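For the sequence shown, the positions run 79 to 1111 when my numbering is used.
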Amino acid sequence: MRRFLRPGHDPARERLKRDLFQFNKTVEHGFPHQPSAGYSPSLHILAIGTRSGAVKLYGAPGVEFMGLHRENNAVMQIHFLPGQCQLVTLLDDNSLHLWSLKVKGGVSELQEDGSFTLRGPPGAAPSATQITVALPHSSRELLYLGTESGNVFVVQLPGFRTLEDQTISSDAVLQRLPEEARHRRVFEMVEALQEHPQDPNQVLIGYSRGLVVIWDLQGSRVLCHFLSSQQLENVSWQRDGRLIVTCHSDGSHCQWPVSSETQQPEPLRTSMPYGPFPCKAITKIFWLTTRQGLPFTIFQGGMPRASYGDRHCISVVHNGQQTAFDFTSRVIDFTVLAEADPAAGRRVSGELIGSLDNPYALVVLAEEELVVIDLQTAGWPPVQPPYLASLHCSAITCSHHVSNIPLKLWERIIAAGGRQNAHFSTMEWPINGGTSLAPPPPQRDLLLTGHEDGTVRFWDASGVCLRLLYKLSTARVFLTDTDPSENLNAQGEDEWPPLRKVGSFDPYSDDPRLGIQKIFLCKYSGYLAVAGTAGQVLVLELNDEAAEHAVEQVEADLLQDQEGYRWKGHERLAARPGPVYFEPGFQPFVLVQCQPPAVVTSLALHSEWRLVAFGTSHGFGLFDHQQRRQVFVKCTLHPSDQLALEGPLSRVKSLKKSLRQSFRRMRRSRASSRKRRPAGPPGEMQAASTKPERTGLQNMELAPVQRKIEARSAEDSFTGFVRTLYFADTYLRDSSRHCPSLWAGTNGGTVYAFALRVPPAERRTDEPVRAEQAKEIQLMHRAPVVGILVLDGHSVPLPEPLEVAHDLSKSPDMQGSHQLLVVSEEQFKVFTLPKVSAKLKLKLTALEGSRVRRVGVAHFSSCRAEDHGEHHLAVLTNLGDIQVVSLPLLKPQVRYSCIRREDVSGIASCVFTKYGQGFYLISPSEFERFSLSTKWLVEPRCLVESAKMKSHSCPSNGNGPGFEKALGPTRNSGSQSDGEEKKPGPVMEHALLNDERVLKEIQSTLEGDRGSYGNWRSHRMAVGCNLSSGGAE
């Protein structure tokens, strides 16, 4: 049997790999892209649907579920069944789907129970059964469906059986109307369906032409009707059933008394809140009673068309106070959470029906964020959400993860962020259904995101909920068009309409040069370095008090006065002169301005030596931030790197040069192919080439194939682009003395090594840091260098700065010989130090087009043996595959398919953690979290029981109990272990394409060997995975 095993196959090692590595996509952080939603007042659960057919449920912090429809269609509406752990979704293909939260193994999971498509009679128009609104009846057995034709169909649940004898047709309603109402065109589509708040035998039906009828389900008759002259948008029914409020397309709303004596009463009151000039439609309205007697009127839209027609507003009117909450993105829908008066009510299907509403929170689903307003506190302040964070409030430009934050630094960051959150309400989060069973995370992790507007946001990434802790703005350091102390949203007291900006989404940047490109945080010293688009490098330190001081400026000329070069890109940012006021938190004390002001492409900070290194497309430099002086700069610009002088914001790229380079590459590839062509007759050539190809295909599963890498020309553009910087205390000159060093890797496959002389602590402030170039390595294939790492005598990566001083890591072994690992896009290569002689290498398969895009060192612990752990490289390629490569032998361990190869943005945004987890963007507003480790796993584990009889409820509105109408895409999660090929299962690859059907065809073509979407059997997302003893990352 041994002769069939390939060399190096070790069964014991295979078992150990199963204990170390397992691939799981665990949770999605952020806000779903273009969502729709529904709310359950009895469960206190919010559901969000997306364009790609995903359904996400959110309750108390840590309570999250996700499921995926079989069809790849947009979710248009979501409705919870009253008092049950069930919901119905309506897709854009007019199909209905029933979902349930079922308890299995002590935890709940979301599962699809069935689907149904409403069919009309043969030959009927599609509009006859096109669903516009759905109403789950309080009996829990019936679902009323309003359609574009004006008919209301009744479907029995859970079997989705149409009850044709109970259909409420528009003709039947017309025949039961008075003679004067029949002659008007009162019928079109059904806009509103609502059950009587206290009598389940009565249903309100609102038609788009302005007719509203109250239908008796038992007697099949019209009890009363209301006819408006304006087009109907929506309806709100008062809790006691005595008053109906309608809203219309002209920006008005009307109050109608409900009485069986008068068949067509005139409205008690008609109001146009922002008239008399033409206004936009009021699309939804709530009229809610309170204990004080004065009602709340809350409505969407209705703004003056000419001046404020482009605003996205929801107005709240109560007790003489009126505020129009102004959102920066389109309002999808909203609902109001109310606490019914227990002294004046009765329970129907688990919900308390009382005579008073007493609203306490306004929940608004906008296109880019979720906003909750506290209606009980004076001024109606917003409530800070614990999840569904608007990550893309300004576009994300980079990210940086820091594991295991010390408690002192953590508390200082939270304290600084707490001062920024003083405007939030102290109300507890009102969407609090379910119970999180996940244990608390064993350590504190930070995810830092850089944004286009020059801000850095600090997120608590320890658990399932990604929570904003603190926001740092660098714009205050520079002179921009907007004064940072100026409040653009401020309005006078007498301004009309009374607009108030709410939410955090603000996609507009005052200056794109402010964008953050690189972040580096030292968790032990509290030093932070951030670098931006215009060559600015800021070094900051954490201060618990506000301060006003000048930021010292130093210029780093990376071209070193070389002749013949002229920068064609954007100008540098002008620094603000004089002292600048800074809030408590991270405060900059020095600004290093690179010249030319190109994008900073690499950044490294060594807080123990008080040094910061930075690189651009022109070179790199070293700065001593303790003495505030430049140590050295090195120009890496190649004579052919003219494109490097144009900048990312320039539009003057040379078309002639691009074409010339393309033709040169074509000629080189043809010449090299002729040189490699073997001699002999064509038949022999074909046979000779076919045989090894077949052999290679047969052996592909048994042994990895390494193919020749084609060398790149030094004339290719951007060869001087600095891709990576790395500090190390190692043997650089000789094997007898180790010294501090700085390593830099470029886009042209060059590695520079500088020996540093850092004075001892007692003379650190007096003597300068000195640097001298000691090594220069040129990789033969000239592929871009994406990672550099030094291994100590035990082949363990060197610890982080100050890690040993804080007793969090063992001292590195300085007795044995050190090794240098250089990772390029096409291969891994190990060199001995200090001689820098090649020791071993691992090539990627060049013919597959595989290139390394991200690399990180991770520690993997065994899920069985507590004392066993290994350091490995986590590698992401441009194909979206993630590989784990052993150190220092460079043996591939496992390989997983993680990101679609077409998702370039997702691949570019990926960041690895120190313990085998990772994050990448699946949309501009969402991070997907994944784990490569069996031990470090962050996953929801929660339980939702059937509706507990609480007094909280959601007041009635014409669209049923909650949010409705909208679109948006997402994906589901899955798991994969030990290098197995990933099954399609419940996993759907995310796409930013608008046409999901096209995406489905593309994916089925590219991934035909993995099965198709039609082969899915299980379409549920289980959230019952335990955190093992290692906990989170």
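Idealized CB from N, CA, C, for every residue including glycine.
Nothing here was measured: the structure is a model prediction, and the numbers come from that model.
query, result
"Name the residue from 378, 573, 486 and 609 whose alpha carbon lies nearest to the alpha carbon of residue 477.", "609"
"Give a yes or no on contact between the segment 515–525 and the segment 435–453, applying the rule of three or more CB pairs nearer than 8 Å.", "no"
"Just checking, does the segment 304–314 make contact with the segment 322–331 on the three C-beta pairs under 8 Å criterion?", "yes"
"In three-state DSSP terms, what is residue 879?", "coil"
"If you draw a straight line from the alpha carbon of residue 299 to that of residue 273, how long is it in whole angstroms?", "15 Å"
"What is the DSSP secondary structure of residue 1017, counted as helix, strand or coil?", "coil"
"Is residue 374 closer than 9 Å to residue 392 when the C-beta atoms are compared?", "no"
"Report yes if the C-beta distance between residue 1000 and residue 984 is below 9 Å; otherwise report no.", "yes"
"Quick one: residues in its chain with C-beta nearer than 8 Å to the C-beta of residue 658, no 5 flanking neighbours on either side, listed in chain order?", "554, 555, 626, 627, 628 and 629"
"Going by Cα to Cα distance, which pick from 844, 101 and 831 is closest to residue 851?", "831"
"Under 9 Å between the Cβ atoms of residue 360 and residue 331?", "yes"
"Counting only runs that start and end within the segment 300–378, where is the beta strand (DSSP E) found for 3 or more residues in a row?", "310–315, 321–326, 331–335, 347–349 and 360–366"
"Could you tell me if residue 602 is buried or exposed, where buried requires 16 or more neighbouring beta carbons within 10 angstroms of its beta carbon?", "buried"
"With DSSP run on the structure shown, which of helix, strand or coil describes residue 702?", "strand"
"For the candidate residues 1016, 677 and 558, whose alpha-carbon lies nearest to that of residue 652?", "558"
"Can you tell me where the alpha helix (DSSP H) holding residue 260 begins and where it ends?", "257–260"
"Would you call the segment 1005–1015 and the segment 109–125 touching, i.e. three or more CB-CB distances under 8 Å?", "no"
"Compare the beta carbon distance of residue 605 and residue 623 with 9 Å and say whether it is the shorter of the two.", "no"
"Excluding the 5 residues preceding and the 5 following residue 291 in the sequence, name in chain order all residues of the same chain whose CB lies nearer than 7 Å to its CB.", "251, 283, 300 and 303"
"Going along the chain, which unbroken runs of the beta strand (DSSP E) with 3 or more residues stay wholly within the segment 920–981?", "930–939, 947–955, 959–964 and 970–975"
"Considering only the beta carbon of each residue, do residue 600 and residue 879 sit closer than 9 Å?", "yes"
"Assuming the contact rule is C-beta atoms closer than 8 Å, residue 104 and residue 1007 should be a hit. Round their C-beta distance to whole Å, please.", "5 Å"
"Rounded to the nearest angstrom, what separates residue 655 and residue 612 at their Cα positions?", "18 Å"
"Measuring straight from C-alpha to C-alpha, what distance separates residue 635 and residue 675?", "9 Å"
"Between which residues of its own chain and residue 219 is the CB-CB distance below 7 Å, once the five residues before and five after are set aside?", "234 and 235"
"Between which two residues does the beta strand (DSSP E) holding residue 294 run?", "289–294"
"Do residue 176 and residue 125 have their C-beta atoms within less than 9 Å of each other?", "no"
"Which stretch, first to last residue, makes up the alpha helix (DSSP H) that contains residue 383?", "383–386"
"The beta strand (DSSP E) spanning residue 848 covers which residue range?", "848–856"
"On the DSSP bridge assignment, give the partners of residue 392 in chain order.", "378 and 403"
"Which residue from 968, 955 and 992 puts its Cα closest to that of residue 982?", "955"
"Looking at the unbroken beta strand (DSSP E) that takes in residue 578, where does it start and where does it end?", "577–579"
"So for residue 801, helix, strand or coil by DSSP?", "strand"
"State the CB to CB distance for the pair residue 577 and residue 404, rounded to an integer number of angstroms; the pair is presumed to be in contact (CB under 8 Å).", "5 Å"
"DSSP three-state label for residue 133, please.", "strand"
"Give every residue of the same chain whose Cβ lies closer than 8 Å to the Cβ of residue 881, excluding the five residues on either side of it in the sequence, and list them in chain order.", "602 and 887"
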